[in-house]
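J.: The structure is given below, and queries will be raised subsequently.
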Amino acid sequence: MAKVAEEWLNICGGCEISILDLGETLLDLLPSLEFVHMPVLMDHKYFGQTGEKTELEIPEADVGLISGGIRNEKEKHVAEEMRKKCKTLVALGSCACFGGIPALANMYPKEELLETVYRDSKTTESNGIPSQDLPALTDKVYAVDEVVKVDVHLPGCPMNPATILEALTCLLEGKPFELPERSVCDDCPTKREEKSDVALKRPLQDAEFVPGEYDKMRCLNEQGILCLGPVTRSGCGKPYLEGEENVPRCIKGYMPCRGCFGPIRKGANPQVEMMSALSSIGLDAKLIEDRRAFLNRYIGGQNRLRPLPPKVRR
Amino acid sequence: MSDEFEPKIIAFCCNWCSYTGADLAGVSRLQYPPNVRIIRVMCSGMVHPNLVINALTKGADGVIMCGCHPGDCHYIDGNMRAQSRAEAIELMLEDFGLEDERYRLEWVSASEGPKFAQVMQEVVDRVKELGPSPYA
C-alpha cells in the first residue's frame, strides 16, 4: 500500500476536484492508497492535533502531491517539509508547475500590490496592511520547482483525469511519467489554411463553427481569435470517458486554447514563439490587448513575468 | 582590477558588409571596447528573434545587429527582414521587462570601419549606463 500526502498551497481547490473527477476509477485505486495527510479532506494539524509540538510536521509518505504555487513563507515552509517527507513529489496543476493565474501578480512589485489592496482600494475600507499572526508574503509567486525539487509535473487548469490516472498508475508501478512534447495544434482537428485575412477579434467574440463538426471549423487564430495552441503542450484532450474524442478541451467548447498546459518543452520561449506564429499567418502582434499577461496567463512563475524596469531615457 | 561594470555585448554581423567592416576597423587599428563579442552570420535577416531574446536572458547585457545598407543586401532584401524583425523584437523586449535600448539595429558597410568602431563605442557606453541585464 502506497502512502500519499497531499497539500494545497496558493490555489483555488479545482485540482482536488479534478482528482474526484476520476469517478469510479478512484474507487478501484483507493485500496492501494493510504492518505496520511490531506488538509482538504482530513483534519490533520501541522503542530500535532492539540498544537503541542513546536515544529511543523507532515507524516512520511511515498508520494507527495502539491497543488498551488508559493505566495507566502508558510507555503514555502510546507513545501520544504513535504519534500523532506515524501519520496516522490508531484506538482499538480498549472499553479504548482508554473505559478498559474496568481503569478500574474509578478508583473508588479510586492509593495505596489499591497498598496493597491490595503491602502488605495476604492471599494473597501482600508485599515492598513495586516501584520499580526500572518505569514509574510514572499517577494513574488513561485512555482513549486523553484523552491524544492519536483519529480513529476502534471500541468493543467485543472488537470485531465486521464493524465492523473496515468501518472498515479506509473508512480505506483515505479515507472517514470512524462507528458509527450507535442503542441495543442498537433492534436487539434480544425482546418488550417496557413493564412489569415481578418482583423484580430475581441476575446468575447464568438468563433464560426458547425456544432459537433470540429474538422469543418477554421483554425481559431486564422479566424482572428487568439489561441495559444501553437505554443502550449498537448494532453488536455486525452479521452477519459468511453466514446470521447481526442480534441483539446477548449476547442471542444469552440473556444481558443488559453495555454494552461504551459510550454511544450523545458526551456521553450512561448512568448517569442507565439509572436512568430501570429506573424506567420499575418496577424499583427502589436494589437493584442494586455500582451504580456495574455502570453503568460498561466506561466508567470519561474521568472517569466517580472516588473518592468523604470523607463530610462536619454 | 577596477570594479566598474563591464557589459557583455553580442554583435551579430552579416558576412558581406558588416563583418568586413569590423575587419576593416581591425586592420586600420581603430580602438573600440573589448566588451563586444562578434558573431558572424550570413545575413542579418537570418537572425531569429529567439536568438536575440536568448542572448539577453542568458547572460548578455546588450545585442547589436549589423547589416548591409538598404539596397546593398547580398540576398536582395535580407536586411529589410531584419528591420521588420527589429520591430517585433522591440515588442518582445517590452514583454520580457528589458529596456529597448539593449537592442540596436545598425547598417554598416564594408568600407565603414570607423563607423563600426564608433557604433560599438556608443552601444557599450549606453549599456554601461543602463547597468547589467536583470537576467544576468
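Protein chains in written order, with the numbering used here: chain P, 929 to 1242; chain C, 22 to 157. Note that CB positions come from ideal geometry on N, CA and C, so glycine has one too.
#1: Is G1228 (chain P) close to chain C? Criterion is C-beta to C-beta, closer than 8 Å.
#2: Closer than 9 Å between beta carbons: that is the criterion. Which residues of the region 963-977 of chain P meet it against chain C?
#3: Residues of chain C with CB under 9 Å from S1204 (chain P), in chain order?
#4: Would you report the Cα separation of Y1142 (chain P) and C1185 (chain P), rounded to the nearest angstrom?
#5: Keeping to the same chain, check which residues put their C-beta closer than 7 Å to that of E122 (chain C); ignore five residues upstream and five downstream.
#6: Output needed in chain order: residues of the region 111-129 of chain C with a Cβ under 9 Å from some Cβ in chain D.
#7: From the DSSP output, in three-state form, read off K1166 (chain P) for me.
#8: Rounded to a whole number of angstroms, what is the C-alpha to C-alpha distance between H95 (chain C) and I60 (chain C)?
#9: Pair every Cβ in the region 105-117 of chain C with every Cβ in the region 1206-1223 of chain P, then say whether three or more of these pairs are closer than 8 Å.
#10: Could you tell me the distance, in whole angstroms, from the CA atom of R102 (chain C) to the CA atom of E1173 (chain P)?
#11: For R1242 (chain P), which residues of its own chain have a beta-carbon under 6 Å away from its beta-carbon, when the five flanking residues on both sides are left out?
#12: Mind listing the chain P neighbours of R85 (chain C)? Cutoff is C-beta to C-beta under 8 Å, in chain order.
#13: Please list the partners that A1213 (chain P) has in chain C, where partner means a Cβ-to-Cβ separation under 8 Å.
#14: Taking Cβ-Cβ distances shorter than 7 Å, what residues in chain C pair up with P1198 (chain P)?
#15: Alpha carbon to alpha carbon, how far is L1148 (chain P) from V1126 (chain P)? Give it in angstroms, no decimals.
#16: So which of C:R50, C:V84 and C:G88 has the shortest CA-CA distance to V145 (chain C)?
#17: Under three-state DSSP, which class holds K931 (chain P)?
#18: Which residues in the same chain as V73 (chain C) place their Cβ atom closer than 7 Å to its Cβ, once the five residues preceding and following it in sequence are excluded?
#19: Bridge partners of K1119 (chain P), per DSSP?
#20: Indicate whether G1084 (chain P) and G1171 (chain P) have their beta-carbon atoms separated by less than 8 Å.
T.: According to the structure shown:
#1: Position 300 of the first sequence, counted from the start, is the residue given in the question as residue 1228 (chain P). No - not a single Cβ of chain C is within 8 Å of the one on G1228 (chain P).
#2: Under the 9 Å Cβ criterion, the region 963-977 of chain P contributes no residue.
#3: Here residue 1204 (chain P) refers to the residue found at position 276 of the first sequence. Chain C residues near S1204 (chain P): H69, P70, N71 and A109.
#4: For the purposes of this step, residue 1142 (chain P) is taken as residue 214 along the first sequence, with counting starting at 1. For the purposes of this step, residue 1185 (chain P) is taken as residue 257 along the first sequence, with counting starting at 1. Within the model, the alpha-carbon separation for Y1142 (chain P) versus C1185 (chain P) is close to 14 Å.
#5: Translated into the one-based positions of the second sequence, residue 122 (chain C) becomes position 101. Same-chain partners within the cutoff: R147 and L151.
#6: Among the chains of the structure shown, chain D does not appear; the protein chains present are P and C.
#7: The residue labelled residue 1166 (chain P) in the question sits at position 238 within the first sequence. Here K1166 (chain P) sits in coil by DSSP.
#8: The residue labelled residue 95 (chain C) in the question sits at position 74 within the second sequence. The residue labelled residue 60 (chain C) in the question sits at position 39 within the second sequence. In this structure, the straight-line span from the alpha carbon of H95 (chain C) to that of I60 (chain C) is close to 18 Å.
#9: Touching, yes, given that three or more Cβ pairs across the two stretches are closer than 8 Å.
#10: Position 81 of the second sequence, counted from the start, is the residue given in the question as residue 102 (chain C). Position 245 of the first sequence, counted from the start, is the residue given in the question as residue 1173 (chain P). Their Cα atoms are separated by approximately 42 Å.
#11: Counting from one through the first sequence, the residue named residue 1242 (chain P) turns up at place 314. Unreliable positioning characterises R1242 (chain P) in this predicted model, as indicated by a pLDDT of 38, which lies under 50. The coordinate reading is nonetheless provided below. Excluding positions up to five away in sequence, the list is empty.
#12: In the second sequence, the residue the question calls residue 85 (chain C) occupies position 64. This sequence places Ile at residue 85 (chain C); Arg is not what is there. Against I85 (chain C), chain P offers no close residue; the least beta-carbon distance is about 17 Å (beta-carbon pairs closer than 8 Å).
#13: On the first sequence, residue 1213 (chain P) is found 285 positions in, with the first residue counted as 1. At a C-beta separation below 8 Å, A1213 (chain P) has these neighbours in chain C: A109 and L112.
#14: Start at 1 with the first residue of the first sequence, and residue 1198 (chain P) comes out as number 270. Going along chain C, no residue has its Cβ under 7 Å from P1198 (chain P), so there is no contact; the nearest lies around 11 Å.
#15: Counting from one through the first sequence, the residue named residue 1126 (chain P) turns up at place 198. Counting from one through the first sequence, the residue named residue 1148 (chain P) turns up at place 220. Cα to Cα, the separation comes out at about 11 Å.
#16: Numbered from its first residue, the second sequence carries residue 145 (chain C) at position 124. Considering only C:R50, C:V84 and C:G88, the residue with the shortest C-alpha distance to V145 (chain C) is C:V84.
#17: Position 3 of the first sequence, counted from the first residue, corresponds to residue 931 (chain P). In this structure, K931 (chain P) counts as strand in the three-state DSSP scheme.
#18: The residue you call residue 73 (chain C) lines up with position 52 of the second sequence. The beta carbon of V73 (chain C) is closer than 7 Å to those of V84, I110 and Y124 in its chain, skipping five residues each way along the sequence.
#19: Translated into the one-based positions of the first sequence, residue 1119 (chain P) becomes position 191. P:R1146.
#20: Within the first sequence, the letter at position 156 stands for residue 1084 (chain P). Within the first sequence, the letter at position 243 stands for residue 1171 (chain P). Contact flag unset, no.
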